[in-house]
Every structure is written in structure tokens, then in C-alpha cells.
Amino acid sequence: MKMVFRWFGNGNDSVSLKQIKQIPGVEGIVWALHDIPVGEVWSLKDIKLLKGQADDYGLNIDVVESVNVHEDIKLGLPTRDQYIENYKSTIKNLAQVGVKVICYNFMPVFDWTRTNLYQLLEDGSTALFYEKAKVENMDPLELVEKVANNNGYTMPGWEPERLKELKQLFTLYNEVTTEDLWENLRYFLEEIIPVAEENNIKMAIHPDDPPWPIFGLPRIITSRDNIYRFLQLVDSPFNGITLCSGSLGANAANDIPGMIREFADRIPFAHIRNVRRFENGDFIETSHRTTDGSINIYEIVRAYHESEFDGYARPDHGRHIWDESCRPGYGLYDRALGIMYLWGIWDTLQREK
Ligand code: DNO
733 MKMVFRWFGN
743 GNDSVSLKQI
753 KQIPGVEGIV
763 WALHDIPVGE
773 VWSLKDIKLL
783 KGQADDYGLN
793 IDVVESVNVH
803 EDIKLGLPTR
813 DQYIENYKST
823 IKNLAQVGVK
833 VICYNFMPVF
843 DWTRTNLYQL
853 LEDGSTALFY
863 EKAKVENMDP
873 LELVEKVANN
883 NGYTMPGWEP
893 ERLKELKQLF
903 TLYNEVTTED
913 LWENLRYFLE
923 EIIPVAEENN
933 IKMAIHPDDP
943 PWPIFGLPRI
953 ITSRDNIYRF
963 LQLVDSPFNG
973 ITLCSGSLGA
983 NAANDIPGMI
993 REFADRIPFA
1003 HIRNVRRFEN
1013 GDFIETSHRT
1023 TDGSINIYEI
1033 VRAYHESEFD
1043 GYARPDHGRH
1053 IWDESCRPGY
1063 GLYDRALGIM
1073 YLWGIWDTLQ
1083 REK
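Sequential numbering of the sequence shown, starting at 733, is according to this note's numbering.
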């Protein structure tokens, strides 16, 4: 297991590379060029600039999260071909600096979705919260206005300047069925996986978060059966998944250790975090510790260990603790604690082997 840590870039993250370097066992950053509009090619010059910053701290840049997929590709519009060509160029440019894994998602319109970014936990910290009834009864545009721009930071896909295009996107998605989305994903994969293969980069789709349709938009990377179907679309080791325990774990029916064992050779990248589910379908994120949430993190790490997992792993969202001011879910402290918990389990299993 190679430990990595997400970093949003200079001026875009409250956490510094110097701090990341001091977390035990972290080898690299998980990064992206966040200022490049979705669909445009990432230039080699910009990529190398970022690499230089990471090099200064001896951190690798093996994992990119995310090269986002343009909506025209997900919608299957005729304009998709140009965006797919751009995506291929970005893959080739990333290969030139030695990138090994590209994480992306295929969620229409929104990336991860929550209703409150600062819900109070009983210990006085705050965490990301999803209130099911609110999402079911609320106009998504209203929610964007409420949630966006909290504390100067936003969730990806929820940027306030996106409000204008959202209305139009909802109209376009009216025509797209779940099967259409599968078909558009297959079309995309058939184009890009051969390029990924030639460039020795593993593509790793992120599950939908939460793993069910929201706001009438289809979502497909949600369960064991759908991941199985996804992996068959293009049956190549370069067509893999980012197994995110927190996203899939919001649905109690998802057996995550089972998925790890079944799909081990197709998981180049793991997101490991806990989540506490409530009976009414709400959920809140907690510390990584097993007893704090509904997900058995110990069993998850054990499944990776048993599978001799040698891919990349990162702690995922953490609580906001010790008065830290940070991007929602992406503070230093709780994620660093999460890493130590994951190492604690891993190292013990390793010793007992
Ligand atoms: C949330 C992240 C997601 C993830 C994308 C991958 O914190 O896990 O935003 O990066 O879905 O494309």
C-alpha cells in the first residue's frame, strides 16, 4: 500500500507540501490542475510546474485526481469527440512526467453531494453531512446557492459561477436515460483505455457519491453489480476503479471488503474513510476509526492486506478539528490521524503475517 495525500495546489489549499511531507509514510500527492477548465488539454508546461513543486519536497505525483470528464461526453453529444481527443492529449502529457493513475468520475452535473459542510458532531468537531429528505425535496439550484462558496471554498462541481450552466444541463439530461449513460461511458472508455494502455497509466473511475440517483439524474457506479458491469465494458487492467469506502459505504447493502477481494487486481487507487449512516438515509462523515462510524475500516484494510494491495491509498474526508480552517473535508489534522490509524492496522497485520 503506497500512501498518498490529496493536495489542491498553492493558494488553493490550507495544507502545505511541507506539512504533507511530515505525515508518516506519505510518498506522494494526489493532485490536479484545478484552474484548467474541464475539457481543455493540460499542457506539459503546467504539469511540469506542478511536478517541480512536489519534487522540492521529495513527493511523487503518481496519482492525479481528477481529470474531469466534460458533460458533453456524459451526455453523448456530437461535440464529445473533440473533448475525448483533448482527454487523450492530457493522458499523453501526464505520462511524460511518469503519472501512473488517473482518477475521474462519470457523475452527471454534480460530483459528491452534501447538504451541510459543517454539521456538528458530539465531540464539538464538524463534518460533512447528507440529509436525504433535503436532497429529495429541494431544488438543486437552490441547494447550490446555499452550499456553494462556504468559507471561500466549494465542493467540486458546486462553484457558484456554474449556476448559469446548470439550468441548461438539467434540460439536456432530461433526454438521457440510465442506459444512455452506460452507453456514453462505454464509448468514452473504448476511446481512452487503449491510449492509457500505451502510456502505462491506469484509469480509475470513482464511485458515485452518494451511490444513488439524485435530482432525477442517473448515477451508475453505485454497487458491486454495476462495478462488475463497468469492468466488463472494457476488460483491461488499465480500466479500473478508485474504490472509495465512504462513497459506496453510504449504502449499507454494499459489502466493501467483498468488493476489494473480488476486484483486487482492478483497484489501482483506494480512498479509505468512515461514514455513520442513520436509519432515515442521512449520513455523516466521522473519524476514520471503525467504532466511530458504520463502516468497518479494520475489515477494509484487512481485505487490502490479504489481497497484497500494492496500489495507492489515501485517507479521505476528515472532520474539521482543533479549530482548523480548511477546505470542507480536507483539513490536515483529521486526515493525518486517519493515516496513522490505517498504518496502525496495516503494520499490525504485516507483523502478524
Ligand atoms: C471528494 C472526492 C471526489 C473525487 C471525484 C473523482 O472528495 O472523492 O470529488 O475526487 O469524484 O473524480
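Beta carbons are placed, not taken as given, at the ideal position from N, Cα and C, and that holds for glycine.
query: Inter-stretch contact (C-beta, 8 Å, three-pair minimum) for the segment 967-983 and the segment 863-875; result: no
query: Cα-Cα separation, isoleucine 1029 to leucine 1064; result: 20 Å
query: Entirely enclosed beta strand (DSSP E) segments - the segment 964-1028, minimum 3 residues; result: 971-976, 1001-1004, 1007-1009, 1015-1017
query: Bounding residues of the alpha helix (DSSP H) (the contiguous stretch that carries isoleucine 779); result: 776-787
query: Exposure of serine 955, with buried meaning 16 or more beta-carbon neighbours within 10 Å; result: buried
query: Limits of the beta strand (DSSP E) - the one that glutamate 797 falls within; result: 792-797
query: Where the alpha helix (DSSP H) containing glutamate 897 begins and where it ends; result: 895-905
query: Heavy atom of the ligand DNO within 7 Å of cysteine 835 beta-carbon; result: yes
query: Sequence-distant residues of the same chain with beta carbon closer than 6 Å to isoleucine 805, five excluded per side; result: Arg812, Tyr815, Phe920
query: Candidates Asp957, Lys832, Glu1084, of which the one nearest phenylalanine 930 by Cα; result: Reading off the sequence, residue 930 comes out as glutamate, not phenylalanine. The candidate whose alpha carbon is nearest that of glutamate 930 is Lys832.
query: The ligand DNO heavy atom lying under 7 Å from the CB of tryptophan 844; result: yes
query: Short Cβ contact (8 Å threshold) for serine 977 with isoleucine 1032; result: yes
query: beta-carbon cysteine 976 near the ligand DNO non-hydrogen atom, thresh 7 Å; result: yes
query: Closest Cα partner of leucine 781 within the set Asp1066, Leu826, Gln964, Glu907; result: Leu826
query: Closest residue to tryptophan 1054 among Leu1069, Leu809, Arg961, Gly1043 (Cα-Cα distance); result: Leu1069
query: Simplified DSSP state of valine 758, which is helix, strand or coil; result: strand
query: First through last residue of the beta strand (DSSP E) which encompasses asparagine 837; result: Counting along the chain, asparagine 837 falls outside any beta strand (DSSP E), and DSSP gives it neither H nor E.
query: Residues sharing a beta bridge with methionine 935, DSSP; result: Ile834, Asn971
query: Minimum C-alpha distance to threonine 909 - residue among Arg894, Arg951, Lys783, Pro769; result: Arg951
query: The beta strand (DSSP E) enclosing arginine 738, as first and last residue numbers; result: 734-738
query: C-alpha distance - lysine 866 paired with threonine 847, whole-angstrom precision; result: 7 Å
query: Beta-carbon contacts of tryptophan 1075 that lie in its chain and below 7 Å, excluding the five residues immediately before and after; result: Pro756, Gly757
query: Buried or exposed by the 16-neighbour rule on C-beta atoms within 10 Å, applied to phenylalanine 1010; result: exposed
query: DSSP three-state assignment for threonine 811, whether helix, strand or coil; result: coil
query: Expected contact under 8 Å - CB spacing of methionine 991 and isoleucine 959 to nearest Å; result: 7 Å
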